[in-house]
Each structure stands twice: as C-alpha cells, then as structure tokens.
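S.K.: Residue numbers (full-length UniProt numbering): 1 to 364.
Beta carbons: idealized from backbone N, C-alpha and C, even for Gly.
I have a structure I would like to understand better, so I am pasting it below and will then ask my questions one at a time.
If you want it as structure tokens, here you go:
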C-alpha cells in the first residue's frame, strides 16, 4: 500500500459533540459544515464531519443524545482533543437532566483536563446569560482545564465559528500527519477544495446492506461500528479532481417514502445490495423498483454496489442482474461493481466509475 499525506499546515483536531436529545447538536454541526441550516431528525448512533477553517481542521463526532445512546458515549472518548457540549439555553424543562449529563462528563477520568466548549444554543431566543450558565454548571470550580461558554444559534449560525476558533487558540498545535492508506490500492484521496466540481449522490438500498459502513470506509478509510441508520448521514470528501457529497438514507421498510425528500439536484444514485443474500427473498428488489418508478429520477445514472461479495453466491453480477431485472434495463446509464467495505476491495473502481460517468454539471 502507498501512503498519502494530508499535506497541510492546518492544525488537525478530533472533538466529540455531546448533549441531550433536542439540544440542536446535529443542526449546529451541519451549519458549521455547510453554512446553512439543514433539516435533521434525532441522531441514532453518530455523525462524523470535518469542519475546515482557515488555520484549523476539526473532525467532529456528533453522538446521539437519547438516554439509551448516552451509555455508549464513552466508547468514543479515545484520542479526543476537546469536548463540545451543546445545550438548549431556552429549555427549562430538561435542566436537571442536562446538568446531570454534564456532571457525569466532568467526572469521567478519560476526559480529564480536556478543554470544554459549551455551546449555549438557541441564544437568539429568550435564554440564560453566559454568567447564569457558568453558575448553573459550576464552571468556576473546574481546575486544570480550559472552558468557554459560547452563545450561538444553530439556525442562523451566529457564534458557531467563534466557538471553534476559541478551541483552535487554546489547543496545542497538531499539524497533519502521514496516514497509511488502506482505502484503495494506489489511488489518492485528496483534501477538499472549494473550487472542485461537486457530485451530489444518493446512497440507498434495503436495510443492512452495508451503506453506512461503506460510507465511512470511503470517508475515513476505516471500519466504523455503526447502528442502523434512522434518517440520514451526510458526508463530503474529495477524490482526485471532484468532490463527492453523499447522502446515506435509511433502508428500513417504509423508509422509501423518506427518500423522495432527497431527490432535489441529485446527479447519481448508489444502490447498495447485500450480495450475500438472495435478493428475491427480501426487500432489495422492492426498494430498487421504487427508485425506478420515480419520475424525478428518470435519467439519473445508477451504480449498483454488490457489497459483501466475499460471502456472495457464485457469479454475483449475473445473480443481481436477474434479481433486479437488469437484462432489459436500457433506459439509463448503469453498472454493477462488486465491493467489500471491510477489506476495501472495489472502492477505487467504484469511485472511478462515479467520476467518469456522472456529469457534475447535471442536476435532475
């Protein structure tokens, strides 16, 4: 394997974004990423995004805030440089719960001495002052760590950049390092650049096909333990001379009614099939037929990913063609590529097909 270098003078930080459900964490994350308010649903599991500013880069792990998910937070503390805690500064009903969750974080020995950025979200509404919040969380009693209360609005974006820039000022310099590239054979994934053409892609398929695992293998080059997606994950990364913006949409039965909300300006579809299963025996064919029936996606190219092909039936491509009825499918550009998200096999071929067969200037 060759190595790739994240050649940059920017400081590289890994931070974890925590808070109870409904505090606005994910909306804040995507406003920081895209400078726009993205409509979200409660996070089940996590989202990972890289936030770029002039002199720093933050890899942000946004963890779901439900009680059942909070018990899993500690599994993600390793290697964290800072803690971001988001609270709804206009929510008096959940004050006791928020206080308890925050106190538990402060007392966790793994997080000792880490800087704490407390985003007081929804400050554009009637809310507590910075002084009142510092009193409420007893921040004045914290020793041997930096802390900051930053009023913000995840809707307007006010205060978000200021919070991240505070982290950059107080964290020690951490320039980019050389990473061993286990993603692809000899191809280079480069840092995003604002002037590159963008491919807006929809990654869909039946449940448990491996969509989210595949997404984060492409984004991070490693296997991330995931839970079934509820709603969507959105990730952006750069391959050679294009930027790929991928929407990974949940595949649970009935969720295809959610898919239609993501069709606007989509330039390509990645349809992920679990090739270790017989697609005649589950919902994979039904989900595919739903896509074909959508008038708004009539001419959109489709790349069918035969995931988990290492455990697949013999002659994967012929089997999938028969299951999905592709032998007479001449209406649009399409292809089948065998991929194994765990080993990374087939990912370079997948990215090359997307790069060469989908026009970034086309929007359907």
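(1) What is the rounded straight-line gap between the Cα of residue 375 and the Cα of residue 27?
(2) If I measure Cβ to Cβ from residue 130 and keep anything under 8 angstroms in the same chain, skipping five residues before and after, which residues do I get?
(3) What is the rounded straight-line gap between the Cα of residue 173 and the Cα of residue 80?
(4) In angstroms, rounded to a whole number, what distance separates the CA positions of residue 117 and residue 170?
(5) Are three or more beta carbon pairs between the stretch 152-160 and the stretch 98-107 nearer than 8 angstroms?
(6) What are the residues that DSSP puts in a beta bridge with residue 57?
(7) In angstroms, rounded to a whole number, what distance separates the CA positions of residue 326 and residue 272?
(8) Identify, in the order they occur along the chain, each residue of the same chain with its Cβ nearer than 7 angstroms to the Cβ of residue 24, setting aside the five sequence neighbours on each side.
(9) List in chain order: all unbroken beta strand (DSSP E) runs of 3+ residues lying wholly within the stretch 88-143.
(10) Contact defined as beta carbons within less than 8 angstroms: I believe residue 67 pairs with residue 51. What is the distance between those atoms, to the nearest angstrom?
(11) Apply the 10 Å Cβ neighbour rule to residue 306 and answer buried if 16 or more other Cβ atoms are within range, or exposed otherwise.
(12) Which full runs of the alpha helix (DSSP H) of 4+ residues lie inside the stretch 302-331, going along the chain?
(13) If you draw a straight line from the alpha carbon of residue 137 to that of residue 65, how long is it in whole angstroms?
(14) The alpha helix (DSSP H) that contains residue 389, what's its start and end?
(15) Where does residue 303 land, buried or exposed, given buried means 16+ other C-beta within 10 angstroms?
(16) Within a Cβ cutoff of 6 angstroms, which residues of the same chain sit near residue 49, ignoring the five residues on either side of it in sequence?
(17) For a quick check, are the C-beta atoms of residue 269 and residue 316 less than 8 angstroms apart?
(18) From this set, 90, 158, 359, 109, which residue's C-alpha is nearest residue 133's C-alpha?
(19) Specify the secondary structure class of residue 5 as computed by DSSP and reduced to three states.
(20) What's the C-alpha gap between residue 407 and residue 69?
(21) Within a Cβ cutoff of 7 angstroms, which residues of the same chain sit near residue 145, ignoring the five residues on either side of it in sequence?
(22) Look up residue 186 in the DSSP assignment and say whether it is helix, strand or coil.
(23) Report all residues from its chain with a CB closer than 6 angstroms to the CB of residue 367; omit the five preceding and five following residues, and keep chain order.
(24) If you follow the alpha helix (DSSP H) that residue 216 is part of, which residue opens it and which one closes it?
(25) Run through DSSP, which three-state label would residue 238 get?
(26) Residue 292 by DSSP, collapsed to three states: which one?
(27) Starting from residue 73 and walking both ways along the beta strand (DSSP E), at which residues does that stretch end?
(28) For residue 268, name the three-state secondary structure that DSSP assigns.
(29) Using the C-alpha atoms, what's the distance from residue 205 back to residue 334?
M.R.: Checking against the coordinates, here is how it stands:
(1) Any question about residue 375 goes unanswered here, given that the chain covers just 1 to 364.
(2) Here the set comprises 120, 149, 151.
(3) 14 angstroms
(4) 11 angstroms
(5) Result no; under three Cβ-Cβ pairs closer than 8 angstroms.
(6) 12, 52
(7) 15 angstroms
(8) 86, 88, 121, 122, 154
(9) Entirely contained in the stretch 88-143, the beta strand (DSSP E) runs reaching 3 residues are, in chain order, 116-121.
(10) With 8 angstroms as the limit, residue 67 and residue 51 do not qualify as a contact, their Cβ atoms being about 27 angstroms apart.
(11) buried
(12) 316-324
(13) Computed Cα separation, rounded: 18 angstroms.
(14) The chain is shown from 1 up to 364; residue 389 falls before or after that span and cannot be answered.
(15) buried
(16) 29, 33, 60
(17) no
(18) 90
(19) Per-residue confidence for residue 5 stands at a pLDDT of 32, beneath the threshold of 50, marking its modelled position as unreliable; the derived number appears in the next sentence. The answer is strand: DSSP assigns residue 5 an E or B state.
(20) The requested residue 407 does not occur in the structure, where the chain is confined to residues 1 to 364.
(21) 113, 114, 115, 116
(22) Unreliable positioning characterises residue 186 in this predicted model, as indicated by a pLDDT of 39, which lies under 50. A coordinate reading is not provided.
(23) The requested residue 367 is not part of the displayed model; the chain covers only 1 to 364.
(24) 211-220
(25) Here residue 238 sits in strand by DSSP.
(26) helix
(27) Careful: residue 73 lies outside any beta strand (DSSP E) and carries neither H nor E.
(28) strand
(29) 15 angstroms
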